[in-house]
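Residue numbers (the working numbering): 162 to 692. Glycine residues also receive a C-beta, built at the ideal position from the N, C-alpha and C atoms. Notes follow once the structure below has been shown.
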């Protein structure tokens with residue numbers, strides 16, 4: 162039996178054949194043995210391995226036997242499959258067919274459990290814990306160790322949201338690798354050596370990161386847990402719902418876990434085309450606003466200087482009276498956090514009921530130039546016309562104008578950092594100074610005095626492999642948006658407008674602009690007005 166890599170994924174000349182538990186599989190050159198095994202449905206136990214982190218071989222749990230390296234010679238000892246690159250005609254035996262690999266994995270798991278406490282009944286990871294699961298599926302039924310386990314004070318606060326229990330840690334280095342490789346915030350590290358090795362942090366330099374919550378989710382043993390979720394629920398108590406984050410325009414796919422109609426936690430979803438398996442702390446932790454006590458739950462009607470509770474019919478009558486009294490001096494300000502359907506409803510209400518084009522989603526300073534830019538470069542574009550995250554990663558150069566990725570669209574920042582680190586992406590910042598996030602991108606600064614962005618952009622070099630990311634702050638600089646359009650037009654560079662709020666783009670398509678009808682059609686278009 163043989164299995165091929167996904168059709169079209171790589172050229173045939175780049176494929177090699179390896180044999181895993183007697184099954185031939187064709188994989189790209191440089192594939193790790195653990196990935197090749199996954200392609201044919203063999204699950205090798207692991208703790209340190211993560212597909213989005215560089216291999217490190219820290220936990221040694223994924224041992225396999227290699228009786229033939231492809232040259233007729235075998236490896237004398239079991240090998241960590243998460244760091245072993247396959248070679249042509251290599252023979253690999255996993256725990257499925259090799260007693261040697263099975264014994265190595267069971268022995269390694271026994272080592273890891275020597276110091277691990279029996280905290281399962283009170284550990285927040287219980288019920289979804291890889292260590293718990295693999296101890297059952299790949300471990301011994303009993304431990305031979307009867308010595309004293311090492312202990313630490315616990316838990317300790319790494320940050321306001323992250324708690325560390327060093328007794329549970331198996332030193333897989335997932336958290337430290339994420340901090341160094343993905344987010345660029347190396348505030349935690351493995352310290353000491355041998356039996357004293359542990360995860361440490363700098364007390365004078367706390368774990369201040371926009372992405373700290375990801376280390377909770379990728380920790381395989383409950384050593385890093387959420388302060389807010391602590392002792393809140395078990396996984397089997399929760400109802401999980403896939404959701405899209407509403408707190409910025411990145412479009413992160415999340416998993417919302419709720420119990421008794423109350424959200425208990427949010428986790429990053431698995432969305433390779435968007436946020437991969439990451440999300441920012443705002444999307445992970447900032448959902449409590451939905452149940453704050455000061456949120457309005459009943460209509461309020463103003464009597465003089467006092468707002469008093471009212472019924473819905475009374476509130477609607479008061480709103481109708483107010484709108485009639487305003488006459489033509491009325492406008493609708495939707496904001497950028499509405500769904501597409503709600504934004505369309507408000508736009509239609511403004512034009513069909515109130516008879517006004519005074520409808521806008523921008524609750525900030527804006528200009529006629531910005532309205533024209535949005536009409537020309539953003540509105541009415543079809544799905545597939547825009548810049549994707551994959552295209553962003555594959556670009557040779559990205560120019561940021563009026564846009565700070567880490568602050569305004571964190572997943573864009575993570576994609577840029579990934580491309581800068583692995584593919585040598587050049588990031589250019591048109592700004593007065595480099596921010597902390599741009600420094601982590603190793604960005605090239607084009608010093609710009611506020612207000613002179615148009616002049617600076619007009620002198621930039623770009624080509625068809627360049628992507629220009631323009632943020633809403635560019636609208637505050639006269640001529641900047643026009644200069645960006647001109648740069649894209651004369652060089653062939655791709656252009657992407659990155660708003661700050663999740664509903665901004667939908668509001669444009671819904672017609673929440675004075676100069677645009679739904680679908681990006683101009684207000685001056687008589688046929689569009691009839692439609």
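| Check | Outcome |
| --- | --- |
| Given a threshold of 16 other Cβ atoms within 10 Å of its Cβ, counted over all protein chains shown, does residue 358 qualify as buried or as exposed? | exposed |
| Quick check on DSSP: helix, strand or coil for residue 289? | coil |
| Are at least three pairs of beta-carbons, each pair with one atom in the region 625-639 and one in the region 543-563, less than 8 Å apart? | yes |
| Can you tell me where the alpha helix (DSSP H) with residue 643 in it begins and where it stops? | 641-652 |
| On a CA-only basis, which of 210, 212, 246 is nearest residue 227? Give me that one, please. | 246 |
| Let's see if you can read the secondary structure: which residues bound the beta strand (DSSP E) around residue 224? | 224-229 |
| Determine the direct distance from the alpha carbon of residue 215 to that of residue 582, and round the result to whole angstroms. | 12 Å |
| Quick check: what's the CA-CA separation for residue 423 versus residue 644? | 48 Å |
| Is residue 224 near residue 237, with beta carbons less than 8 Å apart? | no |
| Assign residue 673 to one of two classes, buried (16 or more other C-beta atoms within 10 Å of its C-beta) or exposed (fewer than that). | buried |
| When the distance is taken between beta carbons, is residue 571 closer than 8 Å to residue 411? | yes |
| For the region 255-285, list the beta strand (DSSP E) runs that are entirely contained and at least 3 residues long, ordered along the chain. | none |
| In terms of DSSP beta bridges, what is residue 424 paired with? | 419 |
| What does the Cβ neighbour count give for residue 473, buried or exposed, with the cut at 16 atoms within 10 Å? | exposed |
| With the cut-off set at 8 Å, would you say residue 376 and residue 292 are in Cβ contact? | no |
| Assuming residue 660 and residue 666 make a contact with CB atoms under 8 Å, what is their CB distance in whole Å? | 6 Å |
| Taking 8 Å as the CB-CB cut-off, is residue 343 touching chain B? | Absent from the structure: chain B. Only one protein chain is present. |
| Would you tell me roughly how many angstroms separate the C-alpha atoms of residue 470 and residue 461, rounded to the nearest one? | 5 Å |
| Just mark residue 455 as buried or exposed, buried being the case when its beta carbon has 16 or more other beta carbons within 10 Å. | exposed |
| Within the same chain, show all residues whose beta-carbon is closer than 8 Å to that of residue 304, passing over the 5 residues directly before and after it, in chain order. | 271, 274, 275 |
| With residue 362 and residue 371 assumed to form a contact (beta carbons below 8 Å), what rounded beta-carbon distance in angstroms separates them? | That belief does not hold up - the Cβ atoms of residue 362 and residue 371 are roughly 17 Å apart, past 8 Å. |
| Within 10 Å of its beta-carbon, does residue 403 have 16 or more other beta-carbons around it, so buried, or fewer, so exposed? | exposed |
| Hey, would you say residue 208 sits closer than 8 Å to residue 360, going by beta carbons? | no |
| Give me the residue from 485, 500, 329, 302 with the minimum Cα distance to residue 517. | 485 |
| Which partner residues of residue 580 appear in the DSSP bridge assignment? | Its beta-bridge partners do not exist; DSSP assigns none. |
| Tell me which residues share the same chain as residue 261 and place their Cβ nearer than 8 Å to its Cβ, disregarding the 5 neighbours each side in the sequence. | 226, 239, 254 |
| Tell me which residue opens and which closes the beta strand (DSSP E) that residue 587 is part of. | 587-592 |
| Can you give me the C-alpha to C-alpha distance between residue 197 and residue 679, rounded to a whole angstrom? | 49 Å |
| Mind checking which residues open and close the alpha helix (DSSP H) that includes residue 474? | 473-487 |
| Identify whether residue 358 lies in helix, strand or coil by the three-state DSSP scheme. | coil |
| Taking all protein chains shown into account, do 16 or more other C-beta atoms lie within 10 angstroms of the C-beta of residue 149, making it buried, or fewer, making it exposed? | Residue 149 lies beyond the residue range present for the chain, which begins at 162 and ends at 692; the question has no answer from this structure. |
| With DSSP as the reference, label residue 667 as helix, strand or coil. | helix |
| Does DSSP classify residue 562 as helix, strand or coil? | strand |
| Quick one: give me the first and last residue of the beta strand (DSSP E) that residue 605 is part of. | 605-608 |
| Got a sec: does the ligand FAD put a non-hydrogen atom nearer than 7 Å to the Cβ of residue 225? | Only the bare structure without any ligand can be found here, which leaves the ligand FAD out of the picture. |
| Please report the Cβ distance between residue 598 and residue 554, rounded to the nearest whole angstrom; I am assuming they are in contact, meaning their Cβ atoms lie under 8 Å. | With 8 Å as the limit, residue 598 and residue 554 do not qualify as a contact, their Cβ atoms being about 17 Å apart. |
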